[in-house]
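Contents: one structure, followed by commentary.
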Amino acid sequence: MPQRCNTLFIVNKAGGLIYTRHFSKENQLNVNDCLRLASTFHSMHAIAGRLTPAGAPSGIETVEADTFRLQCFQTPTGIKFIMLAEPMVSNLDNLLRQIYSLYSDFVLKNPFYVS
66 MPQRCNTLFI VNKAGGLIYT RHFSKENQLN VNDCLRLAST FHSMHAIAGR LTPAGAPSGI
126 ETVEADTFRL QCFQTPTGIK FIMLAEPMVS NLDNLLRQIY SLYSDFVLKN PFYVS
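Using my numbering, you'd call the opening residue of the sequence shown number 66 and step up by one each time.
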């Protein structure tokens, strides 16, 4: 995990937060803030996908600000992997694809997994 990645969120197709992991001890979000951030981003992603003028709707992939960077990777099944990191971190899309690869390898082979 790159040094400046703060939080990973996994959001299901309906917008529910199914996993969160903090990688930094400083500036940790509490559970309510994590739920609020995940559901708000899911709604914004869906609205942006419907407003796309041409081509396949994709929604929001990156949000960059002075103090953070939020990167989203949406799988074909609708699960979103969202990484909250510091602005100087690059190549988050590849990192999220690797996390998805590990997720699909582990979780989808688990006979007790319920989506």
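No residue lacks a Cβ here, since even glycine has one placed at the ideal position from N, Cα and C.
Note that the coordinates shown come from a computational prediction; the quantities given were computed from them, not determined experimentally.
**Item:** Bridge partners - A79, DSSP secondary structure assignment
**Value:** Partner(s): none; A79 has no beta bridge.
**Asked** Looking only at its own chain, which residues have a Cβ that is under 6 Å from the Cβ of T72, when we skip the five neighbours before and after it?
**Response** H87 and L149
**Request:** Give the single residue among K90, P152, N159 and M153 whose Cα lies nearest to the Cα of K146.
**Result:** Sequence check: residue 146 is Phe here, not Lys. Comparing Cα-Cα distances from F146 to each of K90, P152, N159 and M153, the minimum goes to N159.
**Request:** May I have the straight-line CA-CA distance separating D131 from F106, to the nearest angstrom?
**Result:** 18 Å
**Message:** Rounding to the nearest angstrom, what Cα-Cα distance links I75 and I83 in this structure?
**Reply:** 6 Å
**Prompt:** DSSP state of L135, grouped into three classes?
**Reply:** strand
**Message:** I'd like the list of long-range same chain contacts for T140, defined as Cβ closer than 7 Å, with 5 residues on each side in sequence excluded.
**Reply:** Y165
**Message:** Going by DSSP, what residue range makes up the beta strand (DSSP E) through F146?
**Reply:** K145 to A150
**Prompt:** What did DSSP end up calling V10 once you bin it into helix, strand or coil?
**Reply:** Look at the range of the chain in this structure, 66 to 180, and you will see that residue 10 is not part of it.
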